[in-house]
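Note that the working numbering has the sequence shown beginning at 697, numbered continuously upward. For reference, the structure discussed in these notes is given below.
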Amino acid sequence: MQASAPERRAPAEPARIEVALGERAYPVLIGPGVRHRLPAEVARIGARRVVVVSARPPEWTPDPGVPHRVVPARDGEHDKNLATVEQLCRAFAEFGLTRADAVVSCGGGTTTDVVGLAAGLYHRGIAVIHLPTSLLAQVDASVGGKTAVNLPEGKNLVGVYWQPRAVLCDTEHLDTLPRREWRNGYGEIARAHFIGAGELRGRPVAEQIAACVGLKARVVAADERDSGLRHILNYGHTLGHALERATDFGLRHGEAVGVGTAFAGRLAGVLGRVPAERVAEHHDVVAGYGLDTDLPTGVDHDELIALMRRDKKATSGLSFVLDGPAGPELVADIPESAVRAALTGM
697 MQASAPERRA PAEPARIEVA LGERAYPVLI GPGVRHRLPA EVARIGARRV
747 VVVSARPPEW TPDPGVPHRV VPARDGEHDK NLATVEQLCR AFAEFGLTRA
797 DAVVSCGGGT TTDVVGLAAG LYHRGIAVIH LPTSLLAQVD ASVGGKTAVN
847 LPEGKNLVGV YWQPRAVLCD TEHLDTLPRR EWRNGYGEIA RAHFIGAGEL
897 RGRPVAEQIA ACVGLKARVV AADERDSGLR HILNYGHTLG HALERATDFG
947 LRHGEAVGVG TAFAGRLAGV LGRVPAERVA EHHDVVAGYG LDTDLPTGVD
997 HDELIALMRR DKKATSGLSF VLDGPAGPEL VADIPESAVR AALTGM
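And the structure:
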C-alpha cells in the first residue's frame, strides 16, 4: 500500500551534481521535495507545453507550471517495447507538442527508458526532464541519456542516446516503495562498489544516490557514447540481462544485476584476474545489501549463454566487464568453458 503524499513544504537545499556535457550539460538534484522544483526547471528550458508521462498516482505527479497533459504509464518490463513508444509519440502529437515543448517522465527505470526514447524520437528529439521515483531509477536509469526498449530477442536492443535537460531525484518518493523495490535499487548500488563508488553500505540513502550519480556523471562526461570507459557501468549486467529474460522478468533488474555482480567476481577469479579475496568481496558486498548471490533454481545454463552471446556489448564472442589488476574493463572472447565453470560455481 502506498503512503499518502506529504504536505508540500520548502525542501532543504538538495545535493546538486552536474553532468558536464558542454552545451548539453544538465543538473541532477537529489533530496526531499525536489519534485516541486519542476516548474522552475520547465521555465529554465523555456518549454511552453508539457506532456507528463506518469506511473505514479495524481498526488505524486507534480504540476509542471505550464499547460500540460498527464498520460498514465505503468512501470514494468512488459511495457518496455516499441508499441509503448508509438503510443506515447501519438499522445504527444495529439496534444500538439512541438520542438519548443517538453516531456516529463515520472516513474521507475522502465518508464524513464521508454519516455526518454519516445522524447528522443518525436520530432527527432524534444526536451525531456526525468523525475525518477524508484531507487533504481534514481541511482542509475535516469542519468546518462541511454534510452532503450526490449525486443523478444533481448534487452535494450533498440534505443538512442538522448540526454535529459534535468533530473529531479526526490527521496520522498522512496517512502512509497515496497521492500522489493529497495532490493531492486540496491543491486545497482552493489555493482557501483566495484567500479569506483567505494563502500556505500550503511550510509544514508541520499548519500548512496549522490555517490552513484556522481560516479555515473563523471563516466558519462568522459565517454557519452559508450566507446570505452562507459562500459564499466555495465558491470554485472551481461548475466543480469540474461537472467531477466530467462525468468520472463520474474527476477527484477536490480536483483539480476546483483547476481550478475557476484558472477562477475567469480568469473574474474576463474580467469585468474583477481585473487580469491576479491571474489569473496563480490559475494559479501552483494549479500550485504540483502541480495541473492546464487542463480535462481531452474535456469538453464545453455539458455543463459545463448542470451549472453546476444548482449549488445558482445561484439567479439562472450564479453563481460570484469575486475582485474587495472580495475574494471570490458573483456572480449572469454572461453565458454570459463563462463560455464563460473555458472556452475553459483
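From the three backbone atoms N, C-alpha and C, an ideal C-beta is built for every residue, glycine too. These numbers were taken from a predicted model, which means no experiment stands behind them.
Original post:
Looking only at its own chain, which residues have a Cβ that is under 8 Å from the Cβ of His774, when we skip the five neighbours before and after it?
Top reply: Excluding sequence neighbours, His774 sits near Phe945.
Subject >> Through-space distance from Ala938 to Pro760, alpha-carbon basis >> reply: Near 38 Å, if we compare the C-alpha coordinates of Ala938 and Pro760.
Original post:
Roughly how many whole angstroms lie between the Cα atoms of Pro735 and Ala711?
Top reply: Cα to Cα, the separation comes out at about 18 Å.
Original post:
Pairing CB atoms from the stretch 1015 to 1027 with CB atoms from the stretch 962 to 970, are three or more of them under 8 Å?
Top reply: Contact holds: three or more Cβ-Cβ distances are below 8 Å.
Original post:
Could you give the distance in angstroms between the alpha-carbon of Gln859 and the alpha-carbon of Gly840?
Top reply: Computed Cα separation, rounded: 6 Å.
Original post:
What do you reckon, are the CB atoms on Thr957 and Phe1016 nearer than 7 Å?
Top reply: Cβ atoms of Thr957 and Phe1016: not closer than 7 Å.
Original post:
What are the partner residues of Gly855, as DSSP defines its beta bridges?
Top reply: According to DSSP, Gly855 bridges with Ala844.
Subject >> Coarse secondary structure for Val835, derived from DSSP in three states >> reply: Val835 sits in a helix when the DSSP states are folded into three classes.
Subject >> Sheet register partners of Gly727 (DSSP bridge) >> reply: Answer is Asp866.
**OP:** In the DSSP assignment, find the beta strand (DSSP E) that holds Ile1001 and state where it starts and stops.
**Re:** Premise fails: Ile1001 lies in the alpha helix (DSSP H), 997 to 1005, not in any beta strand (DSSP E).
**OP:** Below 8 Å CB to CB, which residues in the same chain sit around Arg705 once its five sequence neighbours on both sides are set aside?
**Re:** Confidence is the limiting factor: at Arg705 the pLDDT is only 47, short of 50, which leaves the residue's position unreliable, though a coordinate-based value still follows. Excluding sequence neighbours, Arg705 sits near Gly729.
Subject >> 8 Å CB neighbourhood of Leu947 in its chain, flanking five on each side removed >> reply: Only Leu939, Glu940, Val955, Pro992 meet the Cβ criterion.
Original post:
Should Gly821 go down as buried or exposed, given a rule of 16 or more other Cβ atoms within 10 Å for buried?
Top reply: By the 10 Å Cβ count, Gly821 comes out exposed.
Original post:
Just checking, does the stretch 801 to 809 make contact with the stretch 824 to 831 on the three C-beta pairs under 8 Å criterion?
Top reply: Counting C-beta pairs closer than 8 Å gives three or more between the stretch 801 to 809 and the stretch 824 to 831, which meets the contact rule.
Original post:
In whole angstroms, what is the alpha-carbon distance linking Thr1040 and Asp996?
Top reply: Distance from the CA atom of Thr1040 to the CA atom of Asp996, rounded to whole angstroms, is 11 Å.
**OP:** May I ask you to report which of helix, strand or coil DSSP gives Gly804?
**Re:** Correct three-state label for Gly804: coil.
**OP:** Answer yes or no: do Leu929 and Val915 have a C-beta to C-beta separation smaller than 7 Å?
**Re:** One thing to note: Leu929 has its Cβ within 7 Å of the Cβ of Val915.
Original post:
CA-CA distance, Arg744 and Phe791?
Top reply: Distance between the alpha carbons of Arg744 and Phe791: 12 Å.
Subject >> Alpha-carbon spacing of Glu782 relative to Arg733, whole angstroms >> reply: Glu782 and Arg733: Cα-Cα distance of roughly 29 Å.
**OP:** Ignore the nearest five residues each way along the sequence and tell me which others in Tyr985's own chain have a CB closer than 6 Å to its CB.
**Re:** The residues are Tyr882, Ala886.
**OP:** Could you name the residues of the same chain whose beta carbon sits closer than 7 Å to that of Ala983, not counting the 5 residues immediately before and after it, in chain order?
**Re:** Take Ala983, set aside five residues on each side of it, and the residues of its chain with a beta-carbon closer than 7 Å to its own are Thr989, in chain order.
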